[in-house]
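One structure is given here, and the rest of the page talks about it.
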Amino acid sequence: MKLFDVYPLFDVNIVKGKGCKVWDDKGQEYLDLYGGHAVISIGHSHPHYIEKVTGQLQKLGFYSNSVINKLQQELAERLGRISGYDDYQLFLINSGAEANENALKLASFTNGRTRVLSCEKAFHGRTSLAVEVTNNPKIIAPINDNGHVTYLPMNDLPAWEAELAKGDVCAVILECIQGVGGIKLATPEFAQGLAAACKKYGTILICDEIQCGYGRSGKFFAHQWLGIRPDIITVAKGIANGFPMGGVLIAPAFKPVYGQLGTTFGGNHLACAAALAVLDVFESEHLVENAHEVGEYLIAQLKELQKTEPHITDVRGRGLMIGIDLDIPHKDVRQPLIYQEHCFTGCAGTNILRLLPPLCLTKQDADDFMNRLKKTL
44 MKLFDVYPLF
54 DVNIVKGKGC
64 KVWDDKGQEY
74 LDLYGGHAVI
84 SIGHSHPHYI
94 EKVTGQLQKL
104 GFYSNSVINK
114 LQQELAERLG
124 RISGYDDYQL
134 FLINSGAEAN
144 ENALKLASFT
154 NGRTRVLSCE
164 KAFHGRTSLA
174 VEVTNNPKII
184 APINDNGHVT
194 YLPMNDLPAW
204 EAELAKGDVC
214 AVILECIQGV
224 GGIKLATPEF
234 AQGLAAACKK
244 YGTILICDEI
254 QCGYGRSGKF
264 FAHQWLGIRP
274 DIITVAKGIA
284 NGFPMGGVLI
294 APAFKPVYGQ
304 LGTTFGGNHL
314 ACAAALAVLD
324 VFESEHLVEN
334 AHEVGEYLIA
344 QLKELQKTEP
354 HITDVRGRGL
364 MIGIDLDIPH
374 KDVRQPLIYQ
384 EHCFTGCAGT
394 NILRLLPPLC
404 LTKQDADDFM
414 NRLKKTL
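For the record, in the sequence shown the residue sitting at position 162 is 205 according to my numbering, with numbers rising by one throughout.
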């Protein structure tokens, strides 16, 4: 049997990681400004993370959600305190797509509506409802194309208000910083006006914080820069530093009904141990604050480079979620960065480099990246 070929792969076999560095099977070291697609939040192979996950595995790796799991309770309490949402409820699953699926289901269960508003260039996952609210017809199969979704331009508040005023919108789902869409930021004016309109018309506001959340923007959640408080927040990626996990943070007004939502593997003992280790390191090493400080430092350097480098047409982002617009295809820069300068980055569209490093990135690492980028350009 061979693998089903769904990704174009770089010819690199990564076998080891430490902090913001990874190594291939030939011993070559790489600087990681990709973070495994924003998943590695506290750095590769953090010793505290290893200790907590292996220690839990020695005791109990898994048992059913039909019994009490105090690790889930501890995670809910600590995540609520650290994020500023201690009055919300937490439902744990396995991925970001699952988180968005369950958020949309819960919204529809609550108000009985079926229509959703989503952003142009949005990405929310590849499963049934999640892919339907993703603005990419290439990955929406006919079975998922059910006419539930209207896509609107980010930051065009009148367009959103006009749709909401029809009174039939179940939910709005919003990335406050678009990832796959090219690091496009929602403005405070748009976000606050949208939140007010959702409240006025009985529409549930879902903030997809799967990529832009969990400290990456320099606040715990990206929407906290915008002065809004959504009804539902979805998380994944950085929540467990590579262990498959997702979560839905649900406002206290929502009341659970047995059987509506459920999961087999979600919130298992190993996943919770991993997620608790992440929060330990967030607090002990001040990683959310570091993402803000080092992110601002790196963005400033990139904007300075833009003044003299004609291939860079724009730099934008917040914290350690940064987009670099190029006037050439991103592959013309990304491939030599990997194969010649030994540095991983992400990408978006056809001409955007996307930086999503571990939140432990240092200013020295940022300087190192800048040197490699300058050589490549």
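Beta carbons: idealized from backbone N, C-alpha and C, even for Gly.
Values in this document were obtained by computation on a predicted structure and should not be read as measured data.
Remark: C-beta atoms of Phe-134 and Leu-304 approach each other more closely than 9 Å. Assigned with DSSP and collapsed to three states, Lys-64 falls in strand. Residues Lys-64, Trp-66, His-385 of the same chain have their beta carbon placed closer than 7 Å to that of Glu-72, with the five preceding and five following residues left out of the count. DSSP, read as helix, strand or coil, puts Met-197 in coil. Ranked by Cα distance from Lys-298, the first of Phe-152, Ile-342, Lys-209, Arg-121 is Phe-152. Taking C-beta atoms under 8 Å as the contact rule, Ala-240 and Trp-203 qualify, at a distance of about 7 Å. For His-87, the pairing in a beta bridge is given by DSSP as Gly-62. Between the alpha carbons of Phe-325 and Lys-209 lies a gap of roughly 43 Å. Under the DSSP assignment, Gly-139 falls in the alpha helix (DSSP H) whose first and last residues are 139-154.
Every beta strand (DSSP E) stretch that sits fully inside the stretch 309-362 and reaches 3 residues is listed by chain position as 355-361.
Around the beta-carbon of Pro-273, 16 or more other beta-carbon atoms lie within 10 Å, marking it buried. In this structure, Glu-117 lies away from Leu-396, with their beta-carbon atoms at least 9 Å apart.
DSSP links Thr-277 through a beta bridge to Asp-251, Val-291.
A distance below 6 Å between beta-carbons, with the five flanking residues on each side excluded, links Thr-306 to the following residues of its chain, in chain order: Ile-136. Judged by beta-carbon spacing, Leu-380 lies beyond the 9 Å limit of Gly-389, meaning their Cβ atoms are not closer than that value. Phe-134 carries a strand assignment under DSSP once its states are collapsed to helix, strand and coil.
Annotated as proximal: Met-364 and Ser-260, with beta-carbon spacing under 9 Å. Gly-222 sits in coil when the DSSP states are folded into three classes, being neither helix nor strand. Here DSSP, grouped into helix, strand and coil, assigns Cys-403 to coil. Counted as a single uninterrupted DSSP element, the alpha helix (DSSP H) harbouring Tyr-382 occupies residues 374-382. About 7 Å separates the beta carbons of Leu-217 and Asp-251, which is inside the 8 Å limit, making them a contact pair. Under the Cβ criterion (8 Å, minimum of three pairs), the stretch 223-233 counts as touching the stretch 183-199. Under the three-pair Cβ rule at 8 Å, the stretch 335-342 does not count as touching the stretch 55-62. The beta-carbon separation of Asn-284 and Ile-93, rounded to 10 Å, does not stay under the 8 Å limit for a contact. Relative to Ser-109, the option among Ile-271, Gly-236, Ile-276, Gly-309 whose CA is nearest is Gly-309. Counting only the Cα atoms, Pro-90 lies some 29 Å from Gly-222.
Taking 8 Å as the upper bound for CB-CB distance, Ala-238 and Ile-271 are in contact here, some 4 Å apart. The three-state secondary structure of Asp-211, taken from DSSP, is coil.
Here Leu-76 is not near Phe-286, since their CB atoms are 9 Å or more apart. Only residues of its own chain outside the window of five on either side were considered, and among them His-91 have a CB closer than 7 Å to the CB of Asp-323, listed in chain order.
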